[in-house]
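Novice: Residue numbers (the numbering used here), protein chains in the order written: chain V, -12 to 720; chain Y, -13 to 312.
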Ligand SMILES: Cc1cc2nc3c(=O)[nH]c(=O)nc-3n(C[C@H](O)[C@H](O)[C@H](O)COP(=O)(O)OP(=O)(O)OC[C@H]3O[C@@H](n4cnc5c(N)ncnc54)[C@H](O)[C@@H]3O)c2cc1C
Ligand code: SF4
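#1: Of all the alpha helix (DSSP H) runs that stay within the bounds of the region 220 to 299 of chain Y, which reach a length of 4 or more residues?
#2: In terms of residues, what are the limits of the beta strand (DSSP E) holding residue 73/V?
#3: Since residue 638/V sits in a beta bridge, which residues does DSSP pair it with?
#4: Are there three or more Cβ pairs, one per stretch, closer than 8 Å when the region 256 to 268 of chain V is compared with the region 87 to 97 of chain V?
#5: Interface residues of chain Y around residue 41/V at Cβ under 7 Å?
#6: Between residue 148/Y and residue 115/Y, how many whole angstroms is the CB-CB distance? I'm expecting something under 8 Å.
#7: Residue 287/V bridges to which residues according to DSSP?
#8: Kindly indicate if chain A contains any beta-carbon less than 8 Å away from that of residue 586/V.
#9: What runs of the alpha helix (DSSP H), each 4 residues or longer, lie entirely inside the region 121 to 202 of chain Y?
#10: Taking 8 Å as the CB-CB cut-off, is residue 212/Y touching chain V?
#11: Mind checking which residues open and close the alpha helix (DSSP H) that includes residue 370/V?
#12: Quick one: is the Cβ of residue 116/Y within less than 7 Å of any heavy atom of ligand 2?
#13: I'd like to check one pair, residue 498/V with residue 431/V: are the Cβ atoms closer than 8 Å?
#14: Can the beta-carbon of residue 54/Y be found less than 8 Å from the beta-carbon of residue 201/Y?
#15: So residue 384/Y contacts chain V; which residues on that side make the cut at Cβ distance below 7 Å?
#16: Hey, how far is the Cα of residue 377/V from the Cα of residue 670/V?
#17: Quick one: using the 10 Å Cβ neighbour count with 16 as the cut-off for buried, is residue 414/V buried or exposed?
#18: To the nearest angstrom, how far is it from the Cα of residue 298/V to the Cα of residue 77/V?
#19: Would the C-beta of residue 91/Y count as close to ligand 1, meaning under 7 Å from any of its heavy atoms?
#20: Would you call the region 242 to 249 of chain V and the region 123 to 131 of chain V touching, i.e. three or more CB-CB distances under 8 Å?
#21: Starting from residue 555/V, follow its DSSP beta bridges and name the residues at the other end.
#22: Along the region 626 to 640 of chain V, what residues have a CB closer than 8 Å to any CB found in chain Y?
#23: Ligand 2 and residue 119/Y: does the residue's C-beta get closer than 7 Å to at least one heavy atom of that ligand?
#24: Please name the residue in 130/Y, 131/Y, 281/Y and 112/Y whose C-alpha comes closest to that of residue 122/Y.
#25: Taking Cβ-Cβ distances shorter than 7 Å, what residues in chain Y pair up with residue 469/V?
#26: Taking 7 Å as the cut-off, is the C-beta of residue 288/Y nearer than that to any heavy atom in ligand 2?
#27: Is residue 706/V closer than 8 Å to residue 625/V when the C-beta atoms are compared?
#28: What span of residues does the beta strand (DSSP E) with residue 571/V cover, start to end?
#29: For a test of your reading of the model: does the CB of residue 204/Y fall under 7 Å from any non-hydrogen atom of ligand 2? Yes or no.
#30: Note down the Cα distance separating residue 99/V from residue 182/V, rounded to an integer number of angstroms.
#31: Can you find a CB in chain Y that lies within less than 8 Å of the CB of residue 703/V?
#32: Just to confirm, does residue 198/Y get its C-beta within under 7 Å of one of the non-hydrogen atoms of ligand 1?
#33: Any heavy atom of ligand 1 closer than 7 Å to the Cβ of residue 237/Y?
#34: Return the CA-CA distance between residue 250/Y and residue 260/Y, expressed in angstroms with no decimal places.
#35: Could you list which residues in chain Y have their beta carbon closer than 8 Å to that of residue 590/V, in chain order?
#36: Going straight from the alpha carbon of residue 473/V to that of residue 517/V, what length do you get?
This is how it looks when you write it as structure tokens:
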């Protein structure tokens, strides 16, 4: 099915199972250790350990591997001298490793040591002696803005957009805001490290690997290793978080595959926590300038957003932080521009709502600054700039309930108790403030296929190469099939995480549930037609329930119908709806923080997110997703900061003791997420929209605005750490 | 991690004699040592495991203090009734450190002897005088948010990361050690940790082979006790600045004060002049400011840690205000 028109009434509307707050079907496996992750797959395997480049730019002058090779248990020390020739491309197309003596970023693998045990491999890895000829590189984004260029990202939106005449309108606007914000380098910090077990069966490769998009990964691996796609199988039934860090293929997979082919034995590798920071991708830092010009009532006449981010010279991927600015608020004159600075640091790529997560940290604080200048309530300012249609594309929104989210949130949160003047509220030693932010995230749909089969034992089996990265995909797929086929949850089996199953979008960009769920919806729909045909009933009036198909008085058990089993396929593709409608999910974040009057420590006191994101497929897993996103918003606002040392071109704090994400104590008990009822007739057959990343979008800005409201510190360089707040604190009595 | 051999010590003397050989390291909770070994910052050829030695008791001393065995776990020490009632500053400092899981493993001696968290120290590809004497200090002109503003040297500005030791410093604890000959000695905590000077690789007063057997606390000093830890997140982060305060005051007058600081220096830091300046004074902004002046006198920031100077002042001010009100 292509998404070309309104969905209309369908079999999910009954919401007997879909939407219910059901526990995860894989929950028990996870808490009992029954869910096996890539590195836990048992095979008589050898163990690999990566040797990273300890310079950021230059050439390998010499590599001495003899000592390592003679070290106990060592089977292989692979370097560029003996690595095979591999296919090339940007980091989303290919991931060649050990390609030559050139080092293009810190931590790039320069050798791969394989031994009988992990400990032997690790010990030997330290014995590989590499000498380098260093070259001068460019590392820190702020130092090299002059080198910025216009990126051309093939799978991304155009770097620039312009509507009307921004500069004239801005110059003539009676009220102006012109502010710059910066966001730091960030690392995904997922729980499970990148890991792969590679097994060759003749010329066929099986990779048990932590990867969010298996079919995409399959293509990258085939291209990199120069082998036919059909010879590559990726298996990944459980993934311990990814946040974008496992969207693409990383060095662990390719190194294990090459070494395993060479040694004719399975090879297993997991990156260490420290290695993940340099060997895999991260989010670029950004420098953003926002200009808002309004009339005296706060109606936007001109809105401009300029973004700088960095990446390796060979890459085009940029942090699309101005994307939401193209559709969030009304205004006739608009200008957004992304510029990319070539830097010699590891590849920057997608992380937790790429674009919006950091773009809203700037835009939504600038809106707060504007509201203050206009002496308007921040929510009222947003209401005044609520657009009737997409202000750049001039097309309707598929559905948009931002104002409802703001108003409902304000009511629940007690927004009317906020003092509009900063620094007015105290609670003991805490200066207390409230902040609000809008949230929005694009709603993409991607090609996916599914197969569903009903067997004579009454079990329906769903098959697709989808992944569950901890979000609850197993559960929502089971719910969709159960609802469509009139089966109890316990009669649905979901087989995902393997490229032997039909191609699916995978998990990323908030497209996973919608894309895979819609393909499954279509497969179930086709199966219903087949079953109706077998029962001699009209599929349009037949009712599926309790394992039966029924029309009027007649009811037939499905198990009697299916013979040796009946199956059907389904498929979803984006269509005209994806051009003709502006599709986003929306939300509003409310935060209350305390700022310690003496030390400037910022602690979140309570937080609420109200979202409108189409049909909620499972109220429990949806809430978990939203809350998880909001917690990441806390981190983005207050904690996360991957520090670059420009002398070495590396990330100094590359471990979880010093790269801070929020811990339990940072998250108050009062952190809640609410979904407003919404059905989106244009998004997909489920009428749902992406919620995977919505929770983070705007969350950090609400916190930053609350910090300002608490103590008057408007911190424009994230994260908001106490050293930046100190100067704004009141004198001590 | 380099391959190593493993031995279990049968007695303290046994451990001390083994530990005097080059390449031998004592392992207690292992929460710091093992991390460093995985990164090849520490490369012992032999580990001597002391976990089965009978050093895990907390006993009352004849003077009315406590003797804490070297192997008492941080969680057990923090939870001990006597510690909670009489040495609240110690209990609070312990609970402000690390995480519950780590505290269950971490020991008293291991905590005292844990090594700095300087980022560059943890990465063997970076110059670091503490790890490789003479190789240079990467932190001086690098990222030094968590580094010292007091007591450092041109060779090293690393801080000692312990919370527990800061409280012990305020309590005037004494460290008991035994050498390979079985000779015991007592080292005041003030002298236990060494300043870097030109030899940042030497961190404590222990001689090679000397084993810590216990820490003794004198009877609890008069006054209220408090531990305040300022950090980048609410838990599971090392102190940017911490203050262990024991202040005897009544009716707005301070009789005596003891102040020890973490996060500022290569060792738990005390400034006698600051404490003297508070003796027999009226609690208030003037006396607090004078004490703060004395604490940060000579303090020096290195860029990313400049904020610690005003932060120290403000934190001390807040602590003194609170403790003299209670
Ligand atoms: C992520 C993380 C966060 C942390 N956060 C904090 C924090 O906020 N505050 C804090 O204070 N600490 C913190 N810690 C550190 C923790 O407190 C220490 O790791 C712990 O106290 C060390 O004790 P241990 O028994 O495990 O020592 P080990 O690792 O076993 O040993 C440490 C050192 O002491 C030596 N040693 C041990 N026992 C003896 C003995 N009896 N005689 C002589 N030498 C001995 C060892 O040889 C080794 O050199 C943190 C640690 C981690 C990993
Ligand atoms: S501060 Fe000390 S530990 Fe850190 S790099 Fe310098 S010498 Fe090494």
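Beta carbons are placed, not taken as given, at the ideal position from N, Cα and C, and that holds for glycine. Since this is a predicted model, take the numbers as computed values, not measurements.
Specialist: Result, derived from the coordinates:
#1: 258 to 264 and 271 to 282
#2: Looking at the DSSP string, residue 73/V is not in any beta strand (DSSP E), and its letter there is neither H nor E.
#3: 631/V
#4: yes
#5: 111
#6: Between residue 115/Y and residue 148/Y the Cβ distance is about 21 Å, and since that is not below 8 Å, they are no contact.
#7: 281/V
#8: The structure shown contains no chain A; the protein chains it does contain are V and Y.
#9: 150 to 156 and 175 to 178
#10: no
#11: 365 to 371
#12: yes
#13: yes
#14: yes
#15: With chain Y running from -13 to 312 in the structure shown, residue 384/Y is simply not present.
#16: 16 Å
#17: exposed
#18: 11 Å
#19: yes
#20: no
#21: 439/V
#22: 626, 630, 632, 634, 635, 639 and 640
#23: no
#24: 112/Y
#25: Residues of chain Y passing the Cβ test: none, with the nearest at roughly 39 Å.
#26: no
#27: yes
#28: 571 to 583
#29: no
#30: 14 Å
#31: no
#32: yes
#33: no
#34: 15 Å
#35: 220
#36: 15 Å
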